[in-house]
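Notes follow once the structure below has been shown.
Protein chains in written order, with the numbering used here: chain A, 120 to 292; chain B, -4 to 158.
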């Protein structure tokens, strides 16, 4: 991947703000493939949630998953009247961790201004549809145990704990 | 894992109430459905009312009704009204706990406790009701995407897994 510049910190915006007065609210929402010109908005959305501006990271992710590349790699955005409201990234992986081919969701994010409008659900639905077209019948994700909000989201979509246990250890210097 | 009996009764009751929030349900009705004593259940419902999860209904028919927000209340919210799930009790130590073997076992048990707490804390009553619905339909547990939805969309946040 190469050397990344350390992500810069930005003030975090938390919570949910339905953004009732935003002009894009009246525009129909379109789920489409991400484009390079979407990256600044994607970086901004991620930064509002995580407090970290990860330009190099998102450029790298787009390079691997975006464009019109391999069908089993997906970089989708929710387009609300020209404004990126959210994104989802994932791909089909074969036989890793001993698992038959399945779809993996690596990231999903929705601009706080656009939350509580079903956009996360539509993004997840869209990427799952792509996984199904690719011939797999299982979708998985991985997230931090203390990330209750996101855990709740995925569980509300019907996801349950899978047969894997993430393990880790420190690497001593 | 097993929960305490009162906790099970509380979960059964809350899910019955949350399934139809406008309906008043008597303790006798739930006791009959789950094969428990009304007297015992009344104590559980009283505790749930104190926690603000249900409220008693005065007047003809009486009973209780759901007083919470099914999309916000989690299984953990109900459980911890009746028991402390796996939290270490500094005042109660098992024999041998402070030995190296005891401490190593404690690390393993803590791992299990953390997973249990994360699981219960991430499942809202609304999600649980959908799970019950799937059980009733005889589903295998998988969810078919892109099917018409009859439920309101859940709030959504961010999950990232880097490989």
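Heads up, the beta-carbon is just placed ideally off N, CA and C, and yes, glycines get one too.
- Task: Could you round the C-beta distance between residue 199 of chain A and residue 241 of chain A to whole angstroms and report it? I think they count as a contact, below 8 angstroms.
- Result: Counting from one through the first chain, the residue named residue 199 of chain A turns up at place 80. Counting from one through the first chain, the residue named residue 241 of chain A turns up at place 122. Between residue 199 of chain A and residue 241 of chain A a beta carbon distance of about 11 angstroms is seen, past the 8 angstroms cut, so the two are scored as non-contacting.
- Task: Tell whether a beta-carbon distance below 8 angstroms holds between residue 207 of chain A and residue 250 of chain A.
- Result: Counted from its first residue, the first chain places residue 207 of chain A at position 88. Counted from its first residue, the first chain places residue 250 of chain A at position 131. No, they are not a contact pair.
- Item | residue 110 of chain B: contacting residues in chain A (beta-carbon distance under 8 angstroms) | On the second chain, position 115 is the one that residue 110 of chain B refers to. Residues of chain A whose Cβ lies closer than 8 angstroms to the Cβ of residue 110 of chain B are, in chain order, 264.
- Quick one: measure Cβ to Cβ for residue 221 of chain A and residue 258 of chain A, integer angstroms, because I've assumed they're closer than 8 angstroms. For the purposes of this step, residue 221 of chain A is taken as residue 102 along the first chain, with counting starting at 1. For the purposes of this step, residue 258 of chain A is taken as residue 139 along the first chain, with counting starting at 1. Under the criterion of beta carbons closer than 8 angstroms, residue 221 of chain A and residue 258 of chain A qualify as touching, at roughly 7 angstroms.
- Task: Indicate whether at least one CB of chain B lies closer than 8 angstroms to the CB of residue 199 of chain A.
- Result: For the purposes of this step, residue 199 of chain A is identified with residue 80 of the first chain, where counting begins at 1. With its beta carbon at least 8 angstroms from every one in chain B, residue 199 of chain A lies outside the interface.
- Message: Looking at the secondary structure, which residues open and close the beta strand (DSSP E) in which residue 210 of chain A lies?
- Response: If you number the first chain from 1, residue 210 of chain A lands on position 91. Judged by DSSP secondary structure, residue 210 of chain A falls within the beta strand (DSSP E) whose first and last residues are 202 to 212.
- Could you list the residues in the region 154 to 179 of chain A with a C-beta less than 7 angstroms from some C-beta on chain B, going in chain order? If the cut-off is 7 angstroms between Cβ atoms, the region 154 to 179 of chain A has 168 near chain B.
- In chain B, which residues lie less than 9 angstroms from residue 270 of chain A when you measure between Cβ atoms? Working through the first chain from its first residue, we reach residue 270 of chain A at position 151. Correct list: 113, 114, 116, 117, 118 and 154.
- Item | Neighbouring residues, chain A, relative to residue 122 of chain B (Cβ below 8 angstroms) | Counting from 1 along the second chain, the entry for residue 122 of chain B is found at position 127. Listed by position along chain A, the residues whose Cβ is nearer than 8 angstroms to that of residue 122 of chain B are 271, 274 and 275.
- May I ask you to report which of helix, strand or coil DSSP gives residue 42 of chain B? As a position in the second chain, residue 42 of chain B is number 47, starting the count at 1. Residue 42 of chain B falls in the helix class under three-state DSSP.
- Task: Using 10 angstroms around the beta-carbon of residue 275 of chain A, count the other beta-carbons present and answer buried if the total reaches 16, otherwise exposed.
- Result: On the first chain, position 156 is the one that residue 275 of chain A refers to. Buried is the call here.
- Item | Alpha-carbon spacing of residue 23 of chain B relative to residue 42 of chain B, whole angstroms | The count along the second chain starts at 1 and reaches residue 23 of chain B at position 28. The count along the second chain starts at 1 and reaches residue 42 of chain B at position 47. Each residue's CA atom was taken as its position, placing residue 23 of chain B and residue 42 of chain B some 16 angstroms apart.
- Task: Check whether the Cβ of residue 253 of chain A lies closer than 8 angstroms to any Cβ atom in chain B.
- Result: Taking the first chain and counting its residues from 1, the one referred to as residue 253 of chain A is at position 134. No - not a single Cβ of chain B is within 8 angstroms of the one on residue 253 of chain A.
- Reference residue 0 of chain B, options B/20, B/65, B/34 and B/77, closest by Cα: Against the second chain, residue 0 of chain B aligns to sequence position 5. Among B/20, B/65, B/34 and B/77, the Cα nearest to that of residue 0 of chain B is on B/77.
- Query: Looking only at C-alpha atoms, which of A/243, A/170 and A/156 sits nearest to residue 193 of chain A?
  - Reply: For the purposes of this step, residue 193 of chain A is identified with residue 74 of the first chain, where counting begins at 1. Residue 193 of chain A has its Cα closest to that of A/243, out of A/243, A/170 and A/156.
- So, helix, strand or coil for residue 152 of chain A, using DSSP? Your numbering for residue 152 of chain A matches position 33 in the first chain. Strand, per DSSP.
- Query: Starting from residue 295 of chain A and walking both ways along the alpha helix (DSSP H), at which residues does that stretch end?
  - Reply: This structure cannot speak to residue 295 of chain A, because chain A is shown only from 120 to 292.
- Query: Exposed or buried, what is residue 36 of chain B when buried is set at 16 or more other beta-carbons lying within 10 Å of its beta-carbon?
  - Reply: Within the second chain, the letter at position 41 stands for residue 36 of chain B. Residue 36 of chain B should be labelled buried.
- Message: Looking at the strands, I want to know which residues DSSP matches up with residue 51 of chain B.
- Response: For this step, residue 51 of chain B is matched to residue 56 along the second chain. DSSP output for residue 51 of chain B lists B/59 as bridge partner(s).
- Leaving out five residues on either side along the sequence, give the residues of the same chain with a beta carbon under 8 angstroms from the beta carbon of residue 17 of chain B. By 1-based counting over the second chain, the position of residue 17 of chain B is 22. Hits under 8 angstroms: 60.
- Determine the chain B residues that contact residue 204 of chain A at a beta-carbon separation under 8 angstroms, and present them in chain order. The residue you call residue 204 of chain A lines up with position 85 of the first chain. Listed by position along chain B, the residues whose Cβ is nearer than 8 angstroms to that of residue 204 of chain A form an empty set, because the closest Cβ is around 11 angstroms away.
- CB contact flag (residue 51 of chain B, residue 267 of chain A, <8 angstroms): For the purposes of this step, residue 51 of chain B is taken as the residue at position 56 of the second chain. For the purposes of this step, residue 267 of chain A is taken as the residue at position 148 of the first chain. Going by C-beta atoms, residue 51 of chain B is not nearer than 8 angstroms to residue 267 of chain A.
- Neighbour flag for residue 280 of chain A against chain B, beta carbons, 8 angstroms: The residue labelled residue 280 of chain A in the question sits at position 161 within the first chain. Residue 280 of chain A counts as touching chain B.
- Message: What residue range does the alpha helix (DSSP H) around residue 130 of chain B cover?
- Response: Taking the second chain and counting its residues from 1, one reaches residue 130 of chain B at position 135. 120 to 132 is the span of the alpha helix (DSSP H), which, as asked, contains residue 130 of chain B.
- Message: Tell me the DSSP secondary structure of residue 172 of chain A in three-state form.
- Response: The sequence position of residue 172 of chain A within the first chain is 53, counting from 1. Look at residue 172 of chain A here: in three-state DSSP terms it is strand.
- Task: Compute the distance between the beta-carbons of residue 270 of chain A and residue 113 of chain B, then report whether it is under 8 angstroms.
- Result: Translated into positions along the first chain, residue 270 of chain A becomes position 151. Translated into positions along the second chain, residue 113 of chain B becomes position 118. The criterion of a C-beta distance shorter than 8 angstroms is satisfied by residue 270 of chain A and residue 113 of chain B.
- Identity of the residues DSSP links to residue 258 of chain A by a beta bridge: As a first step, residue 258 of chain A is located in the first chain; it is residue number 139 there, counting from the start. Paired residues: A/222.
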